[in-house]
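The working numbering puts the first residue of the sequence shown at 8, with every later residue one more than the last.
What follows is a set of notes on a single structure, which appears directly below.
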Amino acid sequence: MFKIATMVSAVQKLLSIAVFASLIGFHNNQSIGRFLIQPLVADTVQQETKTTDDSKQSKPGSGAGFISLERRMERDTNVIKFKHYDPLDTIESTNLQHDQQSQSFQEQDSGLTLLRVNRLIQKISLDKDTYQQGEIANLDVTAVLPLESPKINFLYKTYKLYPQSHNIYRTILAVPMQTDPGKYYMTLSYKEEGKQKTLQMPFTVIPGNFSEEDTAELDISILTEETFEMLKYEGNYFARAYNTNPDSLLYDGDFIWPCSGTITGLYGTPRRYNEDLGKWSHKAVDIANVVGTEVFAANHGVVTMAKNLDVHGKSIVIAHGQGIHTVYIHLDSICVEKGDEIKKGQLIGKLGKTGLCTGPNLHWQVMVNRVAINPRYWLEGKPELKDKQWVQYKQPEK
């Protein structure tokens, strides 16, 4: 009986963390039998960092609170299976087959366009027909008249279409890291004369070419009842921060590196700590430098959270409009407040090692409709990033 009770208690903890992990930006595979939780500490990469103050120097660190863990719990030959549940999802969807006979697809160098759809929809355009795991997709819909309640369902998430001029609608879609490679269908839904209409368009997901798996030792004694409760509590703050989503586009052009430093954690890197914790994949970029390094806003926006948290440390969330948010974790200090309008390159805080982390670093994350995507797709030139690479903050041109 004791073993059964212990096992039930462990399952309850993991389910609790799985649900709240989705609140702060981690979405697991849609398949039954796998789920995500967050270990609280990442590995430390041993390397030198640039420093000007020996009193503040310490070994570079990696982020803690936004690391996801994918695992199966097994007891002998039995597998405990959990169905995916994301409390922020607004629609459950499956990928349907698509009849292309009555529609005209035009493949272009810049993507895939669905032409002459019906009497109301003139054109549906994706910027590409193939996307990597963790990438973003740009979608345009051109209509003859204004659309009523237009929405996009894309990889189990519902997206709002934002009106532009001349009955053109646009949105940015996110390909979650855990999406299995293969062919999928995006669905456009809208109302016409009171009736619900849907149209579908195919696209393909390919592997993200993430870094190789590495290993590290981790003390799991920190996974206490109190820590689990703190994660639940903090997840609510991030959920509310993401819910603040201006319809207007606030950002302008490419995003910039929020600080200078050495990359100690790449997006998509799978790591296995030990048999107890299984493996996880990092959904951000960790930038290590000395405590006090200045941190700047990656683009224009409005602060939706600026708070000191126990697990994530001093944290900032900035909304950039139309479902785009950036997240800044483990700060030593914060110099903005919730509601502040922020300019690209504006000082928002200083790099630190607050919360649960292995050393001074900035955990920088980009969210699209609450899905963590690869930050490199928002940087100028979409550069390929490498572990231990030095990145440089550059003041934006005025």
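Note that CB positions come from ideal geometry on N, CA and C, so glycine has one too.
Please read these numbers as outputs of a predicted model, since none were measured by experiment.
Practice prompt. Measure from the alpha carbon of P153 to the alpha carbon of each residue in I128, Y138 and G328, then state which is nearest.
Written response: I128
Discussion item. Give the list of continuous beta strand (DSSP E) stretches no shorter than 3 residues that lie fully inside the segment 181 to 240.
Written reply: 189 to 199 and 202 to 213
Fill in: A49 versus V182: straight-line alpha-carbon distance, rounded
For A49, the predicted structure reports a pLDDT of 30, less than 50, and the residue's modelled location is therefore unreliable. The matter cannot be settled from this model.
Discussion item. What would DSSP say about L47, mapped onto helix, strand or coil?
Written reply: Since pLDDT at L47 reaches only 27, below the 50 mark, its modelled position is unreliable, and the value read off the structure follows with that caveat. The answer is coil: DSSP assigns L47 none of H, G, I, E or B.
Item to complete: Identify every residue that forms a DSSP beta bridge with D147.
Response: S132 and R177
Worksheet item: Over what stretch of residues does the beta strand (DSSP E) that includes W264 continue unbroken?
Response: Taken as a continuous stretch (DSSP letters only), W264 belongs to no beta strand (DSSP E), as it is neither H nor E.
Fill in: Beta carbon of V212 nearer than 8 Å to that of Y274
no
Worksheet item: Closest to Q374 by CA distance: which of E233, I331, T311 and G141 is it?
Response: The identity of residue 374 in the sequence shown is Met, whereas the question assumes Gln. Measuring from the Cα of M374, the nearest candidate turns out to be I331.
Item to complete: Find the nearest neighbour of E344 within the set I336, H337, G356 and T333, judged by alpha-carbon distance.
Response: Of the listed residues, the one whose Cα sits closest to E344 is G356.
Worksheet item: Quick one: Cα of V310 to Cα of Y244, how far?
Response: 13 Å
Practice prompt. Could you tell me how far apart the beta carbons of T361 and G388 are, in whole angstroms, since I believe they sit closer than 8 Å?
Written response: T361 to G388, Cβ: 32 Å. No contact.
Worksheet item: For A379, which three-state DSSP category applies?
Response: strand
Practice prompt. In angstroms with no decimal places, state the Cα-to-Cα distance between V148 and T205.
Written response: 13 Å
Discussion item. So the candidates are H307, V151, Q207 and L146; which of them puts its Cα closest to the Cα of A326?
Written reply: Residue H307 is the option with its Cα nearest to A326.
Fill in: Sequence-distant residues of the same chain with beta carbon closer than 7 Å to K314, five excluded per side
Short of 7 Å from the beta carbon of K314, and not among the five residues preceding or following it, lie these beta carbons of its own chain, in chain order: Y244 and S322.
Worksheet item: Can you pull the DSSP bridge partners for D293?
Response: G272 and H370
Worksheet entry | N160 burial status per 10 Å Cβ neighbour count (16 or more: buried) | buried
Discussion item. To the nearest angstrom, how far is the alpha carbon of W371 from that of T271?
Written reply: W371 and T271 have their alpha carbons spaced roughly 12 Å apart.
Discussion item. Am I right that I296 and Y166 are in contact with their C-beta atoms under 8 Å? What's the rounded C-beta distance?
Written reply: Correcting the residue identity first, residue 296 is Asn in this sequence and not Ile. Wrong, their Cβ atoms sit about 35 Å apart, outside the cutoff.
Item to complete: Could you pull the start and end residues of the beta strand (DSSP E) that S156 belongs to?
Response: E155 to F161
Worksheet item: Could you check where the beta strand (DSSP E) with K167 kicks off and where it finishes?
Response: K164 to K167
Worksheet item: Is the beta carbon of C342 sitting closer than 8 Å to the one on L354?
Response: yes
Practice prompt. Pull up the distance between the alpha-carbon of T219 and that of S156, whole angstroms please.
Written response: Note on residue identity: the sequence assigns Glu, not Thr, to residue 219. Cα-Cα distance, rounded: 43 Å.
Item to complete: Would you give the residue range spanned by the beta strand (DSSP E) that Y400 belongs to?
Response: Per DSSP, Y400 belongs to no beta strand (DSSP E) and is neither H nor E.
Item to complete: State yes or no: is the C-beta of E233 within less than 8 Å of the C-beta of Y384?
Response: Going by C-beta atoms, E233 is not nearer than 8 Å to Y384.
Discussion item. Here's a check: name, in chain order, each residue in its chain whose Cβ is nearer than 7 Å to the Cβ of N252, leaving out the five neighbours to either side.
Written reply: A326 and G330
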